[in-house]
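The block underneath contains the structure these notes are about, expressed in structure tokens.
Numbering (my numbering), first residue to last: 81 to 176.
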């Protein structure tokens, strides 16, 4: 990537992108997540963690505890996935 590409202003209309409903997004180029995919995936959890207290609504806690693993592990994994997705979106916005 050229230096001037990093300095250019994005022409993407992020307000329009943010306003899209799920059914308005073309996902036809994304392959389906089939059994083969789910047989290969692994739950990734950090090797070290920091203990914090977070207020969670009862329905969310019930759902996490019903998933079979410790609710704290499930919650930490969900937060990690969310953070990674937000970093990815920020990177895309920076590159646009």
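Backbone N, C-alpha and C define an ideal beta-carbon position, used for all residues, glycine too.
It should be emphasised that the depicted structure is a prediction, and the values quoted were computed from it without experimental measurement.
### Query
Would residue 156 pass as a contact of residue 107 if the rule is Cβ separation under 8 Å?
The answer is no: Cβ separation not under 8 Å.
### Task
Compare the Cα-Cα distances from residue 139 to each of 132, 151 and 130 and report the closest residue.
Comparing alpha carbon positions, the residue from 132, 151 and 130 closest to residue 139 is 151.
### Query
How about residue 94 and residue 173: do their beta carbons lie closer than 8 Å?
In contact: residue 94 and residue 173 (Cβ atoms closer than 8 Å).
### Task
Counting only runs of 3+ residues fully inside the stretch 119-170, write out the beta strand (DSSP E) ranges in chain order.
Counting whole runs of 3 or more residues, the stretch 119-170 contains no beta strand (DSSP E) stretch at all.
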